[in-house]
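Report on the structure given below.
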Amino acid sequence: MGRSAAFFDLDKTVIAKSSALAFGRPFYRDGLISRRDVIKGAYAQLIFRVGGGSDEQSMTKTRDYLAALVKGWRAEQVRQIVRETLDELINPYVYAEAAALIAEHRAAGRDVVLVSTSGDEMVRPIGELLGISDIIATRMNVGEDGCYTGEIDFYAAGPNKVVAVKELAATRDYDLSESFAYSDSVTDAGLLSLVGHPTAVNPDRGLRRIAVERDWPMLEFRHPIPLSRRLRERPAVPVAAAAIGIGAALAIGLALYGKHRRARQAAAALAT
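FYI, the numbering for the sequence shown is 110 to 381, going by the numbering used here.
In structure tokens, the structure reads:
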């Protein structure tokens, strides 16, 4: 039996927003995208969220649009924008529940891997913010001039996530039957099916239906908290720990009730 790992989707699973859209404002400010691109991106995200962009054709159109959009951008400029705005645009939106769950998996000795369709230039710094170095993300081709060529080396969406996770598992000797995966999107149903412990987090309509059919656990994350506050305050109760705590409280309650009942019965026997 190999090691186990925990695979986390990023958007709406670990952070409470779209990582790609989050950087739209600074990209627009620095002249990389137009106002029309901002509106078009927001509309595409809306369509995707209501389940209209989860088929293969839609994902292909999104990939091609992304490749055409970034062609000619300087890769280092993108990295610099992400570094400068990460604390403002991403840090406050990390779910406390996700951070606690990531900490649980680390404490259990599992590797934690971020698996996101967003570009590596965005996902990797977010991973560093969370202390995660293992990243599976979309990789854009960069030419000798340091600019994106308009070609995509790897598009980390849908079935491609499954391929990448399988390859990483083979390299790291992960036992996928003992591994965990978390996502909010029906496009990641294949990724969730790959592991022995899948969980739907804030699931969209399509994923919720599959989770019900396959009896997968579902979690609702609702508390984005900045890293500075998480370090300052008492950490949120981990999901598994909360379940254990409830079980322990119930057991203690039953034990006390049983003890009290036996005492009353003994007193009643003495009285008679």
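Note that the Cβ used here is the ideal one computed from N, Cα and C, for glycine as well.
Around the beta carbon of ASP229, 16 or more other beta carbons lie within 10 angstroms, which makes this residue buried. Secondary structure at PHE136: helix, using DSSP grouped into helix, strand and coil. Rounded to the nearest whole angstrom, the C-alpha separation of THR169 and ILE244 is 22 Å. In the DSSP assignment, ARG248 falls within the unbroken beta strand (DSSP E) covering 243-251. Following the DSSP letters along the chain, one finds PRO307 inside the beta strand (DSSP E) bounded by residues 306-310.
Non-local C-beta neighbours of VAL271 in its own chain, meaning closer than 8 Å and more than five positions away in sequence, comprise GLY299, LEU300 and LEU303, ordered along the chain.
Runs of the beta strand (DSSP E) lying entirely within the region 217-291, each at least 3 residues long, are 220-228, 243-251 and 257-263 in chain order. Linking THR280 to HIS332 through their CA atoms gives a straight-line distance of about 35 Å. In this structure, the straight-line span from the alpha carbon of PHE136 to that of LEU175 is close to 14 Å. Under the DSSP assignment, ALA115 falls outside any alpha helix (DSSP H), being part of the beta strand (DSSP E) whose first and last residues are 114-118. The beta carbons of ILE199 and ILE142 sit no closer together than 7 Å. Closest by C-alpha distance to HIS214, out of SER113, MET327 and MET231, is SER113. Comparing alpha carbon positions, the residue from THR296, ALA129 and TRP182 closest to GLY315 is THR296. Residue pairing of LEU328 in beta bridges, as defined by DSSP: VAL310.
DSSP, read as helix, strand or coil, puts PRO333 in strand. Within the same chain, Cβ atoms closer than 8 Å to the Cβ of TYR202 are found at ILE124, ALA125, LYS126, ALA131 and PRO333, the five residues on either side in sequence being excluded. GLY133 and PRO268 have their C-alpha atoms roughly 26 Å apart.
Between the beta-carbon of GLY111 and that of ASP282 there is about 4 Å, and that keeps the pair under the 8 Å contact cut. Classified as exposed, ALA177 has fewer than 16 neighbouring CB atoms from the shown chains inside 10 Å of its CB.
For VAL203, the secondary structure class from DSSP, reduced to helix, strand or coil, is strand. ILE124 sits in a strand when the DSSP states are folded into three classes. Where GLY299 is concerned, the enclosing alpha helix (DSSP H) starts and stops at 298-303. Using a Cβ-Cβ distance cut-off of 8 Å, the region 178-185 and the region 245-262 are in contact, since at least three pairs of beta carbons, one from each stretch, lie closer than that value.
Bridge partners of ARG183 according to DSSP: CYS256.
The shortest CA-to-CA distance from LEU195 to any of TYR204, LEU210, THR226 and GLU237 is the one to GLU237.
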